[in-house]
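Just so you know, the protein sequences line up as chains A and B, in that order.
Using our numbering, the letters of the first sequence map in sequence onto residues 68 to 181.
Using our numbering, the letters of the second sequence map in sequence onto residues 68 to 181.
Number of protein chains: 2
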Amino acid sequence: MERMKRSLTPVDYSRGEETLAVLAKALSHPVRIRILQLLQQEACCFTGELTTLIPMAQSTISQHLKALLEAGLIQGEINPPKVRYCINREKWAEAKELFAVFFKIEGAESCDCR
Amino acid sequence: MERMKRSLTPVDYSRGEETLAVLAKALSHPVRIRILQLLQQEACCFTGELTTLIPMAQSTISQHLKALLEAGLIQGEINPPKVRYCINREKWAEAKELFAVFFKIEGAESCDCR
DNA sequence: TTAGTTCATCGTAAATATACGATAAGTAAA
DNA sequence: TTTACTTATCGTATATTTACGATGAACTAA
């Protein structure tokens, strides 16, 4: 069959739109929400501590940690043979602000579609 | 090959964790961010208006609208043969609050992992 | 050096997401 | 009824995500 195009013209998104989408994607799995909450409460966690708190394979937890790391929401300190993670406060504040601004937009009045 | 298990014991997430993840997933694509911003600015939009504002196939836009609808962030008013969409203010406020509360957690001090 | 510990990465299966065109559903107008 | 218009859904190709176990990398301790 013929090759299918993936888009007519590429939509060009603003920096904010892209960033927000990336952050939202990082938050789009419940276990990552859980991990972030645990890191908030505990200040720091070794990967091993997380595996005792969450019934998932160690490799899966590591994979989710990587996703959070790539989104910039957490940072890791290599303390061999352990690795300790914590929230990246700077990025956290940025995300908090981005979501707040996004949801604050009140633009026009609701049209109350049903 | 042998069937692979998807999880050791199912992790049970709280209502808030699930809800936040669902909302985040809805926001995890830049075009959906764009659509929501447009709906905010314009109060209401017919699907057709959105297709003129966003260079994507009508079917694709419709698919994204469905995703936002399922997450509850928007609502539609059938006004045949058109359908007008707008933000669901109630859900919007709920989402705003959920994200705000989530990011507000300050728990312990940062451990400054590097 | 060897053994043990901790974590990341690889390989892979399955599910989900994302894009497109084609088609169906539904109403209004001719 | 027929035609035109708008939107949703279907079918499908491809990409990405998510889960697992197995293996590798890196450091410590014996």
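Just so it is clear, CB atoms sit at the ideal spot from N, CA and C, and this is done for glycine as well.
Status (buried if at least 16 other CB within 10 Å, exposed otherwise) for residue i
i      : result
A:I145 : exposed
B:E157 : exposed
A:I172 : exposed
A:V78  : exposed
B:A138 : buried
A:G115 : exposed
A:E85  : exposed
B:R107 : According to the sequence provided, residue 107 of chain B is Gln. The question's Arg does not apply to it. B:Q107 should be labelled buried.
A:Q130 : exposed
B:Q142 : buried
Candidates the options, of which the one nearest residue i by Cα
i      : options                     : result
A:I100 : B:L103, B:H96, B:L94, B:A88 : B:A88
A:N155 : A:L103, A:D79, A:S81        : A:L103
B:P122 : A:F169, A:F170, A:T76       : A:T76
B:V150 : A:L117, A:D179, A:F169      : A:D179
Short Cβ contact (8 Å threshold) for residue i with residue j
i      : j      : result
A:Y80  : B:P97  : yes
A:S95  : B:K163 : no
A:L105 : A:C111 : no
B:L117 : B:L165 : no
A:W159 : A:L135 : no
Uninterrupted alpha helix (DSSP H) stretches inside the segment 82 to 111 of chain B (no shorter than 4 residues): Counting only runs of 4 or more, we get 82 to 93, 97 to 109.
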